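One structure is given below, encoded as structure tokens.
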Amino acid sequence: MHKKFYASGFLYHSRSQQILLQQQISASKEPIWFLFGGEGSGDDNGEEAFSRVIDDILNIKLKLSAVFPVYKYFHEEMKRDNYIIYAKIGRLEKFLETKDTVFGWFNFKQVQKLNLSEQTKHDIMVAQRVIDSATRRSLGQQTID
Numbered sequence: 324m325h326k327k328f329y330a331s332g333f334l335y336h337s338r339s340q341q342i343l344l345q346q347q348i349s350a351s352k353e354p355i356w357f358l359f360g361g362e363g364s365g366d367d368n369g370e371e372a373f374s375r376v377i378d379d380i381l382n383i384k385l386k387l388s389a390v391f392p393v394y395k396y397f398h399e400e401m402k403r404d405n406y407i408i409y410a411k412i413g414r415l416e417k418f419l420e421t422k423d424t425v426f427g428w429f430n431f432k433q434v435q436k437l438n439l440s441e442q443t444k445h446d447i448m449v450a451q452r453v454i455d456s457a458t459r460r461s462l463g464q465q466t467i468d
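In the working numbering, the protein residues as written are 324 to 468.
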């Protein structure tokens, strides 16, 4: 039997250093920005589940070589593991809003000013550190592993 898990994350455009987030439009609540996410199924790992979620929501087929894990933690309320993922994309595309969802590109400084849950803020902050470390490593600079 396969253990259920949740995979969530964002798209990352490295040239502009922006991430793509989504926001649910609701008349009853203050809008909040959040990561893309969905349940893992079958033999998926976190990266495969995240790729499937992005394909379902944005109709983008990600190459698994462009999908990177950030970290994993146990979510107490959901009683399952949550994998945080990011995927590098080559083009900064504009995605049309749907009747209940808006998409937005933000740099990391802008993200700090958005209405996000504390967990989402934390997940993005850790992901930014992982991305910065990978960039330094690719430039031949020393990193802490």
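Glycine included, each C-beta is placed from N, C-alpha and C at the ideal position. Given the structure is predicted, the values throughout are model-derived calculations rather than measurements.
Provide the residue(s) that pair with residue i in DSSP beta bridges, ordered along the chain.
i, result
"residue 354", "None; residue 354 has no bridge partner."
"residue 343", "334 and 428"
"residue 408", "332 and 392"
"residue 362", "329"
"residue 403", "398"
Kindly indicate the opening and closing residues of the alpha helix (DSSP H) around residue i.
i, result
"residue 441", "441-461"
Please state the DSSP three-state secondary structure of residue i.
i, result
"residue 324", "Since pLDDT at residue 324 reaches only 47, below the 50 mark, its modelled position is unreliable, and the value read off the structure follows with that caveat. Residue 324: coil per DSSP, three-state reduction."
"residue 277", "Within the shown structure, residues of the chain are numbered from 324 to 468, placing residue 277 beyond reach of any answer."
"residue 316", "No information on residue 316 is available, as it lies outside the stretch 324 to 468 that the chain covers here."
"residue 423", "coil"
"residue 385", "coil"
"residue 378", "helix"
"residue 433", "helix"
"residue 367", "coil"
Does the structure place the stretch 338-353 close enough to the stretch 405-418 that three or more beta carbon pairs sit under 8 Å? yes
Below 8 Å, how does it come out for the stretch 375-387 and the stretch 430-439: are there three or more Cβ pairs, yes or no? no
Stretch pair the stretch 362-375 + the stretch 452-462: three plus CB contacts closer than 8 Å: Segments in contact, no.
Check whether the stretch 397-412 and the stretch 440-454 are in contact - that is, three or more C-beta pairs closer than 8 Å. yes
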